[in-house]
Amino acid sequence: MSQIKKVNERDYSIDFAKGVTVISIIFIHTVWWSGTSYAPDILRQLSLLIDVPLFFFLSGCSATFAFKKEKPFSGIVRLISLFTLAYFIYALIYKQEQLFEFTFSALFINYLNTYEIAVFSNSTWFILPFVIVYITGFIIIKQIGSKNILLLICLILFYFILKYDQIHALSKYKLLSLSADYLFSYLLFFLLGYYFKSTLTPKLYKTIGAILLLCSLSATLWIYWDIPFNLQNYKFPPKIEYVVASIISISLFLITARLIKKEYKINYIGKNALSFYLAQGIGSSLLFQLSPLLQIEWYYKLPIMFLFNLVSSTIIAIAVIYIFNNYTKIGNTIIKRIDDL
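Here my numbering is used: the first residue of the sequence shown is 37, the next is one more, and so on.
This is how it looks when you write it as C-alpha cells:
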C-alpha cells in the first residue's frame, strides 16, 4: 500500500519541469562563463528567463508532498552531503594538504574556491539560499492555518522586493548570513509554488498561467522599454526586474503542466536535479579547455559546446548518484582492502 501511495504522489509534470530547468541551467553556464568569449549577449540574457527562480517554485510544489513525510528535510541533508562528498573528492585530488578544511567547510555550507573547476565552486551560491528558504518555508507553512494567509505573505514579500531599495532598513537584516533580498525573492517563489500546488485545481493552471504570462511579459517589456535588456545585472542580488521576468517561466509551467501525463527520460534529470546541478559545475568548467580548440563561428560552436556540457554533466551526475548511493558500501570495501594490505 505504501508503495502505491508513493507512486501516486509523484507528479510527472514537476519532475519534467525540474529536468527542463536543470538543462536550462546547463545552457546558462555554457553561454556564460566560457561562452562570454563568443556567444551573443542577447542570447545570454534570454537564457536567464528559465533559471533558479523556477526551480524554487517547483521545489515549493514538491514540498506539498515532502512536508508530509516522516523526514521532510531528507532532501536538504542529501544536498549538503552531495557537495561535501564532492569537495572531499576534489581536495583528495588537488588539495591533499587542505583535505580537512575543504571537507568541513563544505559540511557547514562555507564553500572554498575550486580554481581547477571554477564553475563548480561558483555554483555553490545556490545552496545557502535553498537550505534557508526550505527550512523557513517549512516553519511558515506549518505554523499558519490558512492558505489565504500564505497568499498574503507572498504579497508582502513581493511588496518588500518592489520597495527594497527604498526601505533602507531591510538591507540591514540577514538570516544566517543570507541577505534579505535573497530571502524575500526565493522565499516568494517557494511559497507560491506550495500555494499553487496545494490550492489550485489542475483545471485552473492554464487560466492562471495565461494571466501571469500576460502580466509578466507586459511588465518586463515596460521595464526594459527604454533600457538595455540585462537580467544579469539584477540577478545578484535578485531585484524586482529579475523577479518579474522570472514569472514568465513559471507561467509557462502552469500552462503546460497538464500536458505531462507520463514519465519521460527527462524526468530522470528532474528526480535527481541536485546531483545534476552539482555535475554541471564540473561539466561547465571543462568547457574552458574545449573552447580554444574550436575556432569556428559562434552558431556552430555553441551547439557543440552545449552538447558536450550536457553529455559530460549527465555522465558525471550518473557517477555522482552511484557513488553517493553506494558510498557506505564503497567505504567499507576500501577499508577492508587497506586492512588486507
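Where is the CB? At the ideal position from N, CA and C, for every residue including glycine.
Environment of residue i [buried if 16+ CB atoms lie within 10 Å]
{"i": "GLN316", "result": "buried"}
{"i": "PRO10", "result": "Residue 10 cannot be examined here, being either before or after the span of the chain that is shown, 37 to 377."}
{"i": "GLU106", "result": "exposed"}
{"i": "SER207", "result": "exposed"}
{"i": "LYS233", "result": "buried"}
{"i": "ASN308", "result": "buried"}
{"i": "SER70", "result": "buried"}
{"i": "ASP293", "result": "Sequence check: residue 293 is Ala here, not Asp. Buried is the call here."}
{"i": "ASP201", "result": "exposed"}
{"i": "ASN361", "result": "exposed"}
{"i": "HIS204", "result": "exposed"}
{"i": "THR57", "result": "buried"}
{"i": "SER349", "result": "buried"}
{"i": "ASN303", "result": "buried"}
{"i": "LEU115", "result": "buried"}
Distance between residue j and residue i (C-alpha atoms, nearest Å)
{"i": "LEU135", "j": "SER117", "result": "16 Å"}
{"i": "VAL67", "j": "ILE180", "result": "42 Å"}
{"i": "PHE138", "j": "PHE52", "result": "34 Å"}
{"i": "ILE352", "j": "PHE119", "result": "13 Å"}
{"i": "TYR230", "j": "LEU79", "result": "31 Å"}
{"i": "ILE185", "j": "TYR209", "result": "23 Å"}
{"i": "PHE220", "j": "THR150", "result": "29 Å"}
{"i": "GLY55", "j": "LYS242", "result": "20 Å"}
{"i": "THR172", "j": "ILE332", "result": "48 Å"}
{"i": "GLY245", "j": "LEU85", "result": "16 Å"}
{"i": "ALA255", "j": "PHE272", "result": "20 Å"}
{"i": "PRO89", "j": "ASP262", "result": "25 Å"}
{"i": "PHE196", "j": "ILE129", "result": "45 Å"}
{"i": "LEU187", "j": "ILE176", "result": "12 Å"}
{"i": "LEU214", "j": "LYS337", "result": "38 Å"}
{"i": "ASP77", "j": "PHE101", "result": "39 Å"}
{"i": "TYR358", "j": "SER285", "result": "31 Å"}
{"i": "THR72", "j": "SER327", "result": "11 Å"}
{"i": "LEU330", "j": "SER110", "result": "43 Å"}
{"i": "ILE340", "j": "ALA281", "result": "28 Å"}
{"i": "TRP334", "j": "ALA75", "result": "6 Å"}
{"i": "ASP87", "j": "ASN158", "result": "15 Å"}
{"i": "TYR278", "j": "THR160", "result": "20 Å"}
{"i": "LEU143", "j": "GLN132", "result": "17 Å"}
{"i": "ILE354", "j": "ALA127", "result": "21 Å"}
{"i": "SER141", "j": "PRO264", "result": "39 Å"}
Candidates the options: closest to residue i by CA position
{"i": "ILE145", "options": "PHE220, PRO165 and TYR130", "result": "PRO165"}
{"i": "ILE153", "options": "ASN362, GLN325 and VAL58", "result": "GLN325"}
{"i": "CYS190", "options": "LEU224, ILE203 and ILE318", "result": "LEU224"}
{"i": "ILE276", "options": "PRO264, SER252 and ARG294", "result": "SER252"}
{"i": "ILE50", "options": "LEU295, PHE162, ILE283 and ILE203", "result": "LEU295"}
{"i": "PRO238", "options": "PHE194, LEU290 and TYR270", "result": "LEU290"}
{"i": "TYR170", "options": "ASP87, LEU211, PRO264 and VAL58", "result": "LEU211"}
{"i": "PHE194", "options": "ASP217, SER182 and LEU143", "result": "ASP217"}
{"i": "PHE226", "options": "TYR260, PHE162 and PHE91", "result": "PHE91"}
{"i": "ILE61", "options": "VAL155, ASN269, TYR260 and LYS301", "result": "VAL155"}
{"i": "TYR222", "options": "ARG114, GLU299, ILE283 and LEU343", "result": "ILE283"}
C-beta contact flag for residue i and residue j at 9 Å
{"i": "TYR123", "j": "LEU148", "result": "yes"}
{"i": "LEU228", "j": "GLY319", "result": "no"}
{"i": "VAL356", "j": "LEU322", "result": "no"}
{"i": "ASP47", "j": "SER98", "result": "yes"}
{"i": "PHE125", "j": "VAL167", "result": "In the sequence as presented, Phe is not what sits at residue 125; that position holds Ile. Contact flag unset, no."}
{"i": "SER287", "j": "LEU249", "result": "yes"}
{"i": "GLN81", "j": "ASN345", "result": "no"}
{"i": "LEU121", "j": "TYR363", "result": "yes"}
{"i": "LYS178", "j": "PHE63", "result": "no"}
{"i": "PRO108", "j": "PHE162", "result": "no"}
{"i": "ILE305", "j": "ILE59", "result": "yes"}
{"i": "LYS183", "j": "THR235", "result": "yes"}
Neighbour flag for residue i against chain C, beta carbons, 9 Å
{"i": "LEU79", "result": "Annotation note: the requested chain C is absent from the structure, which comprises a single protein chain."}
Check: residue i C-beta below 8 Å from any heavy atom of the ligand FMN
{"i": "VAL169", "result": "Inclusion of the ligand FMN in the displayed structure is not the case, the ligand content being empty and no account of it being possible."}
**OP:** Please list the segments of the alpha helix (DSSP H) lying wholly inside the stretch 161-246, counting only runs of 4 or more residues, in order along the chain.
**Re:** 163-179, 183-198 and 216-235
Original post:
Which ranges would you report for the alpha helix (DSSP H) in the stretch 87-141 if only whole runs of at least 4 residues count?
Top reply: 88-102 and 110-130
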